Structure formats: structure tokens, C-alpha cells
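These notes are about the structure you will find just below.
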Amino acid sequence: MKNRKLISALLALTLSTLTITACGQSDSESTSVFENVSDSESTQTTNTTSNSDSADASTESPASESTPATGDLYESFKSGDAKAKYTGNGDRTSYLCTYEVLDAGQSYTLSEISDKLATYDTFEFKPNGDATYRNIDCGNDGTPELLVSQEYTAGEMGGEVFTLFMILKDMGGELKICFDQDMWSRSDLTINDDGTIYGDGSGGAALHIYDYAYVDAAGDYHFYYGCEENITPFGDFYYFQDGQSKSMSLEGLDTDHLIIVAYYFEPDYEKRSDFVSFNIIDDNYNLVTTESDFDASSPVVKRISESGIKFYQPLELAVMLRDRATEIGYPVNAD
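Every number in the numbering used here is 221 more than the matching position in the sequence shown, counting from 1.
As C-alpha cells, this is what we get:
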């Protein structure tokens, strides 16, 4: 991902926050909205941490005789004895659909969760090796949470590997599943040591999707924002307004040099409303947007306005993201 200097200094501050994904370009070159709005100090966890790592990182809290220490409770879950309560909050699964097989308010061992997933649909999910564990510290309050990851193979999908991630928290002697999400070959999931979460996926070569969320110190899940980047789109542009899917014709526009971006603050489609903007790229997918591209006379701006879509300039989006972070307590750092 390569960003070109923009003509306007103001646009340079905000337009450079938009990500471009294209064939043949490395992820290491990418720039995301979050990285420009405010850099996170959190250290990323790896997706395959060892049991010994988690044991070294364990922190035990004083407990009464009737309430197991946090470290003991996590160890008991690892050994298959303790159960974790599923509430449905923070469930972001899309293939390993725990919401389809687990009952809200009920508690499960990891083995029981795996048994339930094995019955889901026709995928024939089976555990692939042992689970891995790592202690993290959501909200940096000094109290550890347990990050669990378990791989599964889908027999009906040619042995495709899916990974289920869960964040567990000791809620006064009872484990709660604060968050769960799956990952496969067309998506990535990064869970940081402070409980911030970054998901990244592809809907094909021309559609890049990513989102940010976090689990706070109390064990509550918060969705920060998501973004869909339609790169050199064709046909119609689809977006959501008050949970309803709508479309805008792209006929007559130079879509070979266009990226339409849609931001949203609701993870569920039935509640989602998109905030729409765009970027202009050259033949090599370099960002070449200028201030004049956002004039009212711009063909793209005119089309968006004529379609009844609320259009947001990059500065407006940057302010919205900052306000959103403040609203939900997302742990970003002041510039």
C-alpha cells in the first residue's frame, strides 16, 4: 500500500488514513485509519502461543476458600474441568457459529464447545490439535484474562482450517466468555495484550473489510468501527442505511480509478448505517486524491448526492472516529 502526497495539507492529514489493498502489494506497507488517528501502545499477541508462555504470564489474585484464585480457575479450564459461561455478547463468529450451537446463560468446557460445533450444519468441524492459551490484560488494570485459541478442520470444505478465539474472564469465581471470533485462510484476527482487537478480511480481490473492537477491564465487548473498501468496483455499489441494503449505480463513473469506502459503527447488518466516502487511485493503485475531487461538481460527489447518500469528507470521518473512540472508551492515545 503506497500513499502519495496530497495537494491539500489538510487532506494529507486525513486522506492518508484510508487503506488501499491491491494484488501484489504487501500488508507490511499498509496504513490504516486507526494508525493515523492514534497509535496504539499495545503489544500484539501471536495466534499460536504455547501453554508454557501462558503459565509464565499467569497472575494469581488472593481468594477466599470458596472462590478459586483467578490463575487456578484458568488452569482448571485448560485441564477441561472448569466451564465458561456463554452470553452471546461479543460473539463475532461467522463459520464456527457458536451462537447457533451454544445457549446463552449456559456454561461449557472447551471440549463441550467442540462437541457442539461438530454438530453444526454440514461442515463437520473437528478439533485440530490442542488449544493454545495466553494471559492478557484487558484494560491494563493488572487483572489477567485468558485468551484461548483452538483450531478446527472442516471435513466438508476440503480440510480447510478455522481457528476459534475466545477471551475468558474470571467474574468472581465464574468464567465468562467475553468475546469469540473465528479466523480462516481469507481473514486475519489480531488480539492485543490490552484487549484491543483487529479483524481483517477479503470479500474477493476488490473488497477489503476490516474492523476494530476491544474488551474492557470489566469484561465487556465494544465494537469500535468497521470499514469496507470497494476497490475499482463494478456494477452497483451496495450500502446499508438503517439496516436496509440499498444500491447506487456506478454507470458512467471512472471506476478503474475509484475506491468507495463505507464506515459503520454497528457490527450487525440489521442495525447498520454506512458513512460513505471515496478515494482516487492511479493505474498502480497509488492514492492520487486531490482536494478538487471533493468539490460539489465532482462526478463521484454528484452521483453520491443524487443517490441520496450522506457523503463524508475525510476530515469529517477522522473527527467521527475520534468522537466514537471517546464515546465507547476505546483506548487510543492523544496525538
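We put the CB at the ideal spot given by N, CA and C, even for glycine. Keep in mind that this is a model prediction, so the values were computed, not measured.
Check: Could you give the C-beta distance for Thr314 and Asp403, rounded to a whole number, given that I count them as a contact under 8 Å?
Finding: The residue you call residue 314 lines up with position 93 of the sequence shown. The residue you call residue 403 lines up with position 182 of the sequence shown. Yes, they are in contact, since the Cβ atoms of Thr314 and Asp403 sit about 5 Å apart, within 8 Å.
Next item on the list: With Tyr524 as the anchor, note down where its alpha helix (DSSP H) starts and where it stops.
Entry: In the sequence shown, counting from the first residue as 1, residue 524 sits at position 303. According to the sequence as given, residue 524 is Arg; it is not Tyr. Counting along the chain, the alpha helix (DSSP H) containing Arg524 begins and ends at Pro520 to Glu527.
Notebook entry, point to check: Given Glu449, which residues of its chain have a CB within under 6 Å of its CB, disregarding the five upstream and five downstream residues?
Noted result: For this step, residue 449 is matched to residue 228 along the sequence shown. Here the set comprises Ile430 and Ala483.
Margin query: Runs of 3 residues minimum, wholly inside the region 459–546: which ones carry the beta strand (DSSP E) assignment?
Written below: 465–470, 479–485 and 496–501
Notebook entry, point to check: Grouping DSSP H, G and I as helix and E and B as strand, with all else coil, what is Lys397?
Noted result: Position 176 of the sequence shown, counting from 1, holds the residue named residue 397. Note: Lys397 maps to strand in three-state DSSP.
Next item on the list: Give me whichever residues DSSP pairs with Val322 in a beta bridge.
Entry: What you label residue 322 is simply residue 101 of the sequence shown in a count that begins at 1. Its beta-bridge partners do not exist; DSSP assigns none.
Next item on the list: Can you tell me which of the three DSSP states Ala361 falls into?
Entry: As a first step, residue 361 is located in the sequence shown; it is residue number 140 there, counting from the start. One detail in the question is off: residue 361 reads as Asn in this sequence, not Ala. Asn361 falls in the helix class under three-state DSSP.
Item checked: Contact under 8 Å by Cβ, Ile357 with Tyr445 -> In the sequence shown, the residue the question calls residue 357 occupies position 136. In the sequence shown, the residue the question calls residue 445 occupies position 224. Contact: no.
Next item on the list: Say whether the region 423–440 touches the region 338–347, bearing in mind that this needs 3 or more beta-carbon pairs closer than 8 Å, one atom from each stretch.
Entry: no
Notebook entry, point to check: How about Gln371 and Ala352: are their beta carbons less than 8 Å apart?
Noted result: Here the question's residue 371 lines up with position 150 in the sequence shown. Here the question's residue 352 lines up with position 131 in the sequence shown. Cβ atoms of Gln371 and Ala352: closer than 8 Å.
Notebook entry, point to check: Is it right to say Arg355 is buried, meaning 16 or more other beta carbons lie within 10 angstroms of its own, or is it exposed?
Noted result: The sequence position of residue 355 within the sequence shown is 134, counting from 1. By the neighbour-count rule (16 or more Cβ atoms within 10 Å), Arg355 is buried.
Checklist line | Proximal residues to Lys304 (C-beta, below 8 Å), its chain only, five neighbours per side dropped | finding: Here the question's residue 304 lines up with position 83 in the sequence shown. Excluding residues within five positions, the ones whose Cβ falls inside 8 Å are Phe298, Ser328, Tyr329, Thr330, Glu333 and Leu396.
Margin query: So, with DSSP's three-state summary, where would you put Gly422?
Written below: In the sequence shown, the residue the question calls residue 422 occupies position 201. In the structure shown, Gly422 sits in a strand (DSSP, three-state: E or B).
Next item on the list: Express the C-alpha separation of Gly311 and Gly416 in angstroms, rounding to a whole number.
Entry: Start at 1 with the first residue of the sequence shown, and residue 416 comes out as number 195. Start at 1 with the first residue of the sequence shown, and residue 311 comes out as number 90. When rounded, the distance between both Cα atoms is 12 Å.
Margin query: Using only CA atoms, which one of Asp544, Leu508, Glu491 and Tyr320 lies nearest to Thr453?
Written below: Your numbering for residue 453 matches position 232 in the sequence shown. Of the listed residues, the one whose Cα sits closest to Thr453 is Leu508.
Next item on the list: Look up Val553 in the DSSP assignment and say whether it is helix, strand or coil.
Entry: Position 332 of the sequence shown, counted from the start, is the residue given in the question as residue 553. Looking at Val553 - three-state DSSP - the assignment turns out to be coil, as it is neither helix nor strand.
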